Structure formats: C-alpha cells, structure tokens
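Accompanying notes for the structure given below.
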Amino acid sequence: MANTVKTHNFMYMHRMAPLSSPTTSPKPSSVPSTPKQTIVIPPAQTIVIPPAQTIIIPPVVKLSENPIKIGLLLIATNKYINFISALIRSTDEFFCLNFDVTYFLFTNHESVNVDTKRKLHIIPTEHKPWPWMTLGRYHLFSNQKDILSKMDYLYYCDADMLFVDVVGEEILEKRVVTIHPQNPLNSFETNVNSTAYVNKNSVQHYFAGGFNGGHSSEFLIMSDVISKNIDIDLSNNIIARCHDESHLNKYTSIRPPTKILSPSYCHSENWSFMFQKKILALDKNHHEYRS
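Shown next, in the form of structure tokens:
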C-alpha cells in the first residue's frame, strides 16, 4: 500500500489595525477604513510515496569441491599380509579422515580379508627374495604410474606399521619425509661408487623409509629417479647398505623435502622417545618375515 504524507489545510487571517492620530491632532473628517486582508494558503499537495521495490538476492550457490584424493601405498607379499588387516583398521580410524582415501595393496595373495568402507585396489605383485621387496618398491610404484597419477597425493607406509593417533592435513605437502626415530647419521651410504652416496657432513637428518609421500606428481618423479639409480647400482653389482632408504636419503639431499615429519610418524613400538606416538613401527622377527 502506498504511503501518504499529507499536510493540514488551514486559513491564516491577518488584520490590519486602523490608523489613529495623536490626541493633539485634529481628527480628519473622513479616513477610509482599511479592508481586511485575507491570506489564503493553498491546500498542501498530497505526496504519494510508491512502495519500496523488493530486491531479491539469490542465495550464494556454493559449488561442490571435489574431495582431495589420497592414495596409501602398501606392500604385503608372503607373511607381511598378516599385518594388513590391523593396519587398515587403524588407518580407517586415524588416517586422513576428511579425504577420499584409496588403499593400493601390492600383494601376491589372491584373497585378502580386509574390512573397510574405503576403496581397496589390489595390485597383483610377484614376491621376490630379500632384499628386493624393499629395494624394488619404487619400481612397483613407477610401473603403476598410470593408476597412481590419478591421486592428488600419494603416501607409502610399511605394512608392519600401526596408526595410533590422527594423521591428517598436516602431511599434505609436496615432498614429505619422516625423521628416523634414531636419526642414525652413520647409516648413509658411504660407497662413493653408489648412486646413493651421501656425505653425511652435508645433511642434518636421516629419514626413515617407513612413511613418506607428497603430491602424486612429485612422488612419482622421486620413484622414477630412485628406480633408475638402483638399476645403475645393480648394473655395477652395488646394493646400497640400507637399500631403498639409502636412495631416499640421497634423493632428499638433492631435492629437499617441503615437509619434515617428526619421529612421531615412525615411532618404534616399544622404545621410549620424547615424541608423541602417531604411527608405530611394530616389533617383529625380521628373519621370519624376510624368508
């Protein structure tokens, strides 16, 4: 309804007083009287204010963002398959809970008993004698780059690990490595003929092979470089003293990580350290599992 503003009509009357002479002056014989003057104020105009226009602002439509896709790489051939069920239960509970996680399981077992609501991609993998299953892990990843490159991030975790606390977005960086819980600077490859050789005086940390990753493109580049370096060493009958871990430390000495995780992310199961436990490296009979 229109809003109406109206002023009141009124008449304003002004009387002019008759002129009078002083008492000492003679009164004129005839002075015409002044007629009343009437001042008429016209009625106020009616101003009609139109109703305010209603401006409808459409709601902001929030475009749904594609969830970040994270691949967790696990290798479990032969007896190492015994660790997988407990490991995946723990990652379901603690690993990257707000992201789209896919498990990539490299195994020689046709039947895998794993209870998870996340995607599980089994990649048939031939078992090879020690130390190839650890030394050759980056070959496995490079050979599956067509599938793995579809992930936004890739992380490798040893099969004999267990997540005991939340591991989330703090690990989402380009190149991520974990400080070895013992930080053994004497574990670098000392053979100058090896592609894994590192001058220990040129680095500050020794990184564990048990948990690392980053952007999928960065991780696959690292996998390619390490695989080629291992092939060069093998052609010269050289195996680095700590296998793939030696080559990982060589790579990071040349291409530094963008995120360094504390030993919390590769914490020995029964050793006492000053770090909070997030991922445990489980104790086991190494000889039994490497056979």
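Going by our numbering, the first residue of the sequence shown is number 747, and it counts up by one from there. The C-beta atom is built at its ideal place from N, Cα and C for all residues, glycine as well. None of these values were measured; they are calculated from a predicted model.
Review point. Do we get a CB-CB distance below 7 Å when we pair ASN1016 with the residues of chain C?
Key: The chain labelled as chain C is not found in the depicted structure, where only one protein chain is given.
Check your understanding: Can you list, in chain order, the stretches of the alpha helix (DSSP H) that have 4 or more residues and sit fully within the stretch 853-938?
Key -> 878-881, 883-889, 891-894
Check your understanding: Are the CB atoms of GLU964 and ARG921 nearer to each other than 7 Å?
Key -> Against the sequence shown, residue 964 aligns to sequence position 218. Against the sequence shown, residue 921 aligns to sequence position 175. Between GLU964 and ARG921, the C-beta spacing is below 7 Å.
Review point. Tell me, which residues are paired with VAL847 by DSSP?
Key: The residue given as residue 847 occupies position 101 in the sequence shown. BP columns for VAL847 point to ILE816.
Check your understanding: At a cut of 8 Å, does the stretch 815-834 reach the stretch 898-906 through at least three beta carbon pairs?
Key -> yes
Practice item. Could you tell me the boundaries of the beta strand (DSSP E) in which PHE953 lies? Key: Your numbering for residue 953 matches position 207 in the sequence shown. Where PHE953 is concerned, the enclosing beta strand (DSSP E) stretches over 953-961.
**Study point:** Rounded C-alpha distance that separates THR880 from ASP990
**Key:** Within the sequence shown, residue 880 is the residue found at index 134, counting from 1. Within the sequence shown, residue 990 is the residue found at index 244, counting from 1. Rounded to the nearest angstrom, the two C-alpha atoms are 6 Å apart.
Check your understanding: How many whole angstroms separate the CB atoms of THR1054 and PHE909, which I take to be in contact at a CB cut-off of 8 Å?
Key -> Outside the shown range of the chain (747 to 1037) lies residue 1054, about which nothing can therefore be said.
**Study point:** Closest by C-alpha distance to ILE830, when choosing among VAL860, TYR943, ILE868
**Key:** Working through the sequence shown from its first residue, we reach residue 830 at position 84. Considering only alpha carbons, the answer is VAL860.
Practice item. Flag this pair as yes or no: are the beta carbons of ILE827 and MET907 separated by less than 7 Å? Key: Looking up residue 827 in the sequence shown gives position 81. Looking up residue 907 in the sequence shown gives position 161. Not in contact: ILE827 and MET907 (Cβ atoms no closer than 7 Å).
Check your understanding: How would you write the range of the alpha helix (DSSP H) that LEU833 sits in, first residue to last?
Key -> Stepping through the sequence shown from its first residue, residue 833 is reached at position 87. LEU833 -> alpha helix (DSSP H) spans 830-840.
Exercise for review: Taking THR848 and LYS865 to be in contact with their CB atoms under 8 Å, please state how far apart those CB atoms are, rounded to whole angstroms.
Suggested key: Looking up residue 848 in the sequence shown gives position 102. Looking up residue 865 in the sequence shown gives position 119. About 4 Å separates the two Cβ atoms, so the contact holds.
Practice item. Would you list the one or two residues that DSSP bridges to LEU1026? Key: For this step, residue 1026 is matched to residue 280 along the sequence shown. DSSP lists LEU908, HIS1013 as partners of LEU1026.
Exercise for review: Could you have a look at TYR821 and say whether DSSP puts it in helix, strand or coil?
Suggested key: Counting from one through the sequence shown, the residue named residue 821 turns up at place 75. It should be noted that the sequence gives Ile, not Tyr, for residue 821. It is a strand residue.
Check your understanding: By a C-beta neighbour count over all protein chains shown, 10 Å radius and 16 as the cutoff for buried, is HIS760 buried or exposed?
Key -> Stepping through the sequence shown from its first residue, residue 760 is reached at position 14. Its pLDDT being 39, under 50, HIS760 is placed unreliably by the model, and nothing is read from it.
Review point. Does DSSP put ILE1006 in a helix, in a strand, or in coil?
Key: On the sequence shown, residue 1006 is found 260 positions in, with the first residue counted as 1. In the structure shown, ILE1006 sits in a strand (DSSP, three-state: E or B).
Check your understanding: Straight-line CA distance for SER857 to PRO1003?
Key -> Taking the first residue of the sequence shown as 1, we reach residue 857 at position 111. Taking the first residue of the sequence shown as 1, we reach residue 1003 at position 257. So the alpha carbons of these two residues sit roughly 37 Å apart.
Review point. When the Cα of LEU918 is compared with those of PRO870, MET897, ASN937, which residue comes out closest?
Key: Taking the sequence shown and counting its residues from 1, one reaches residue 918 at position 172. The residue with the shortest Cα to Cα distance from LEU918 is MET897.
Review point. Closest by CA to ILE821, which one among ASN844, ARG883, LEU843, PHE840?
Key: What you label residue 821 is simply residue 75 of the sequence shown in a count that begins at 1. Minimum Cα distance to ILE821 is reached at ARG883.
**Study point:** At least 3 beta-carbon pairs within less than 8 Å: the stretch 950-960 vs the stretch 995-1014
**Key:** yes
**Study point:** ILE893 burial status per 10 Å Cβ neighbour count (16 or more: buried)
**Key:** Position 147 of the sequence shown, counted from the start, is the residue given in the question as residue 893. Exposed.
Check your understanding: Between CYS1012 and SER933, is the Cβ-Cβ spacing less than 7 Å?
Key -> Locating residue 1012 in the sequence shown gives position 266, where the first residue counts as 1. Locating residue 933 in the sequence shown gives position 187, where the first residue counts as 1. No, the pair does not count as a contact, with Cβ atoms beyond the cut-off.
Point to revise | Candidates PHE850, LEU994, LYS825, HIS1033, of which the one nearest PRO870 by Cα | key: Translated into positions along the sequence shown, residue 870 becomes position 124. Of the listed residues, the one whose Cα sits closest to PRO870 is PHE850.
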